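J.:
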Amino acid sequence: MGKLENMLNPKVVALIGASEKEGSVGNQIMRNLLIGKEKRKIYPINPNYQTVMGLKCFPSITQVPEHVDLAVIAIPAKSVPSVVEECGRSGVDGIVIISSGFREAGEEGAKLEQEIKRLQEKYGFRVLGPNCLGFIRPHESMNATFLRSQPEPGEIAFISQSGALGAAILDWAVSTHIGFSMFASLGSMLDIDFGDLIDYLGEDPRTRSIIIYMEGVGSARKFMSAARGFARTKPIIILKPGKYVESAKAVKSHTGALAGNFEVYRAAFRRAGVVRVDEIEDLFNCASVLDSRYLPAGPNIAVITNAGGPGVIAADAIIDNLGELADLSSETVAALNKFLPPQWSRGNPVDILGDADVERYCKTLEVCLSDPKIDGVVVLYTPQGAAKSTELAQRVVEIARKKIKPILTVWMGENEVEEARRIFYQNDVPTYPTPEKAIKTYMYMYRYKRNLELLYETPEELSVDLSPPKSHLKLIIRKAVAEGRTNLTQAEIDKFFDAYRIPRPEAHLAKNEDEAAAAASRLGYPVVLKVASPDIVHKSDVGGVVVGINSEESLRKEYKAMMESIKKALP
3 MGKLENMLNP KVVALIGASE KEGSVGNQIM RNLLIGKEKR KIYPINPNYQ TVMGLKCFPS
63 ITQVPEHVDL AVIAIPAKSV PSVVEECGRS GVDGIVIISS GFREAGEEGA KLEQEIKRLQ
123 EKYGFRVLGP NCLGFIRPHE SMNATFLRSQ PEPGEIAFIS QSGALGAAIL DWAVSTHIGF
183 SMFASLGSML DIDFGDLIDY LGEDPRTRSI IIYMEGVGSA RKFMSAARGF ARTKPIIILK
243 PGKYVESAKA VKSHTGALAG NFEVYRAAFR RAGVVRVDEI EDLFNCASVL DSRYLPAGPN
303 IAVITNAGGP GVIAADAIID NLGELADLSS ETVAALNKFL PPQWSRGNPV DILGDADVER
363 YCKTLEVCLS DPKIDGVVVL YTPQGAAKST ELAQRVVEIA RKKIKPILTV WMGENEVEEA
423 RRIFYQNDVP TYPTPEKAIK TYMYMYRYKR NLELLYETPE ELSVDLSPPK SHLKLIIRKA
483 VAEGRTNLTQ AEIDKFFDAY RIPRPEAHLA KNEDEAAAAA SRLGYPVVLK VASPDIVHKS
543 DVGGVVVGIN SEESLRKEYK AMMESIKKAL P
């Protein structure tokens with residue numbers, strides 16, 4: 003790790019842009035750095051001050067009397083390259099560039115960023131940013147950000163490409179007492195990217211899981227290598243926006259990063275053993291359960307409830323999240339019949355009725371856990387009947403310690419269940435306020451297990467050499483680049499498929515309606531009609547894909563409608 007280790011665990015820090023001005027970025031960063039003043043030396047740098055917060059202030063980093071591990075820069079963008087040059091000449095190991103106004107701000111900013119990249123390659127220091135918040139390591143009392151929130155030490159590492167979102171999530175985490183081993187804001191990723199930090203955190207003994215907000219991946223090769231290397235031992239959970247064309251454009255305008263094709267990301271995450279989630283809260287829900295090494299064998303879920311309504315909601319959530327409502331075995335039904343009231347549901351969800359006491363709950367849970375058709379159990383509780391919230395929670399904890407199968411709990415309500423939730427938290431039993439959140443998290447657990455299994459799969463060894471001739475494929479790429487294109491035509495893509503012997507559906511290029519009808523006749527119905535144009539990348543967004551066409555009449559009708567739709571979208 004070398005310079006990256008020195009940068010992230012520094013003994014000597016310089017703040018370029020340190021300030022006495024209340025409310026300024028340089029002032030807040032200085033305050034945060036001073037939290038760790040017992041562990042490291044801090045040098046404020048600013049030619050306008052003699053001292054800052056009681057420390058001698060230097061006009062330039064070149065005048066600091068010892069080697070600097072980390073320089074934090076918080077000055078206007080136009081002044082950054084010259085200061086970075088001074089850092090390079092001084093032998094600084096790493097730089098955090100808080101300043102904004104680079105690639106994301108337009109052509110002039112991009113030129114400044116290119117100059118910093120040139121200097122980074124010349125001197126070999128590491129760079130976090132630009133346009134970032136910096137990083138925090140709570141266990142080390144190291145805070146190189148301008149955030150006012152001070153997160154607690156914990157076992158979750160949080161990497162965010164968005165500084166603002168990172169700040170908001172940290173503030174929320176502080177209020178809910180979620181701790182972190184590290185927080186890092188990547189910004190524009192001029193140098194340090196996701197792959198670098200996953201590699202670093204993978205070796206960090208304080209980190210048990212890694213959560214990521216990602217807009218663009220940076221070096222895909224580095225990311226995949228790092229993720230595949232550590233996903234087996236430390237869960238990596240990613241929230242990736244930009245599913246749609248419109249939101250992908252917003253990503254680019256925000257950070258200057260290319261969002262990329264979402265389906266490509268989805269496939270890559272799956273192959274790397276990474277879990278992709280849909281909501282911010284899912285990041286933390288997953289981080290709390292995936293590192294348990296105790297994952298469901300399958301998607302078959304049993305629901306135990308003392309109220310019909312929440313049970314139905316849970317059943318819907320299982321189906322919505324592509325899980326399976328487990329079929330109770332005949333042995334399980336017979337066992338439950340022995341002690342449950344005659345009115346019980348006799349199916350899944352297992353409704354043990356509103357008057358259920360603690361013993362009825364626990365017996366039902368143990369019977370369900372012994373059913374080979376059930377992979378995991380969600381226990382729902384509403385504050386009614388004979389079962390006391392805290393007593394039941396303590397008994398469920400005892401059963402969960404046996405680690406027969408995953409148990410997730412949903413104690414619905416607020417005041418009456420607050421103490422029970424605390425019991426679950428303290429004993430690492432997953433608990434959620436609603437059935438939907440519990441089911442969603444269970445299915446993330448299952449998908450994570452499946453993704454890990456993919457890591458161990460080795461493709462079959464082929465008896466023939468399938469290496470394609472590369473020359474004509476390179477010509478295709480060169481031609482596209484020369485024409486200023488960033489996408490290949492369907493015909494060009496097909497040549498790659500053929501070269502690598504990847505099977506593809508038979509297709510014919512039709513230049514008009516009659517040719518389309520003739521091609522469909524040769525292929526045989528049903529057929530798919532798809533527009534082929536180098537100007538149209540996302541075909542479905544302009545009505546350029548129609549599936550399930552079963553006749554010539556339908557084909558001609560859809561052809562005309564498609565042409566009209568494309569004309570309206572691309573006049």
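Read in order, the letters of the sequence shown are residues 3 to 573 in the numbering used here.
Built from N, CA and C at the ideal position, the CB exists for glycine as well.
Since the model is a prediction, treat every value here as computed from it, not as a measurement.
What are the complete alpha helix (DSSP H) segments, minimum 4 residues, inside the stretch 262 to 331?
T.: You should have 264 to 273, 282 to 292 and 310 to 322.
J.: Tell me whether Gly231 sits in a helix, a strand or coil according to DSSP, three-state version.
T.: Note: Gly231 maps to helix in three-state DSSP.
J.: Measuring CA to CA, which of Ile158, Ser187, Glu117 and Thr178 is closest to Phe1?
T.: Any answer about residue 1 is impossible in this case: the structure gives the chain only from 3 up to 573.
J.: How many angstroms separate the CA atom of Gly377 from the CA atom of Leu114?
T.: The sequence shown places Asp at residue 377, rather than the Gly named in the question. Each residue's alpha carbon lies about 55 Å from the other.
J.: Closer than 7 Å by C-beta to Arg558: which residues in its own chain qualify, once you throw out the five before and the five after it? Chain order, please.
T.: Here the set comprises Glu515 and Ala519.
J.: Could you spell out the range, first to last residue, of the beta strand (DSSP E) harbouring Tyr502?
T.: Run containing Tyr502: none; DSSP gives neither H nor E here.
J.: Could you have a look at Leu411 and say whether DSSP puts it in helix, strand or coil?
T.: Leu is not the amino acid found at residue 411; the sequence shown has Thr there. Three-state DSSP puts Thr411 in a strand.
J.: Applying the criterion that 16 or more other CB atoms from any shown protein chain within 10 Å of the CB defines a buried residue, is Arg105 buried or exposed?
T.: By the 10 Å Cβ count, Arg105 comes out buried.
J.: Would a C-beta distance cut-off of 8 Å place Gly168 and Leu135 closer than the cut-off?
T.: The answer is yes: Cβ separation under 8 Å.
J.: Using a 10 Å radius around the Cβ and a threshold of 16 neighbouring Cβ atoms, would you call Glu217 buried or exposed?
T.: Flag for Glu217 reads buried.
J.: Which of the three DSSP states is assigned to Leu57 in this structure?
T.: Of the three classes helix, strand and coil, the one that applies to Leu57 here is strand, per DSSP.
J.: Go through its chain and collect everything with a Cβ distance to Lys23's Cβ below 6 Å, but skip five positions before and after it.
T.: Taken in chain order, the residues that qualify are Asn29.
J.: Expressed to the nearest angstrom, what Euclidean distance is found between the alpha-carbon atoms of Thr53 and Val85?
T.: Those two C-alpha atoms are separated by around 20 Å.
J.: Could you check what DSSP says for Ala388 in three-state terms: helix, strand or coil?
T.: Ala388: coil per DSSP, three-state reduction.
J.: Determine which residues share a DSSP beta bridge with Ala575 and list them.
T.: The question about residue 575 has no answer here: the residues shown for the chain are numbered 3 through 573.
J.: Short check: CB of Gly197 to CB of Lys224, under 8 Å?
T.: Yes, Cβ-Cβ distance for Gly197 and Lys224 is below 8 Å.
J.: Cα-Cα, which of Lys5, Ile75, Arg487 and Val335 is closest to Ile99?
T.: Closest option to Ile99, Cα to Cα, is Ile75.
J.: Does the beta carbon of Ser523 come closer than 8 Å to any beta carbon on chain D?
T.: The structure shown contains no chain D, having only a single protein chain.
J.: Check whether the Cβ atoms of Val379 and Lys407 lie closer than 8 Å to each other.
T.: Yes; because the gap between Cβ atoms is below 8 Å, this pair is in contact.
J.: If I'm right that Tyr296 touches Lys405 with Cβ under 8 Å, what's the distance once you round it to whole angstroms?
T.: Yes, Tyr296 and Lys405 are in contact; Cβ-Cβ is about 6 Å, under 8 Å.
J.: Which same chain residues, not among the five before or five after Cys370, have their C-beta less than 6 Å away from its C-beta?
T.: Contacts found: Ala304, Ile376 and Val379.
J.: So if DSSP puts Asn145 in a beta bridge, which residue, or which two residues, is it bridged to?
T.: DSSP, once it has assigned bridges, lists Ile138 as partnering Asn145.
J.: Closest by CA to Tyr267, which one among Met226, Val291 and Leu525?
T.: Nearest C-alpha to Tyr267: Met226.
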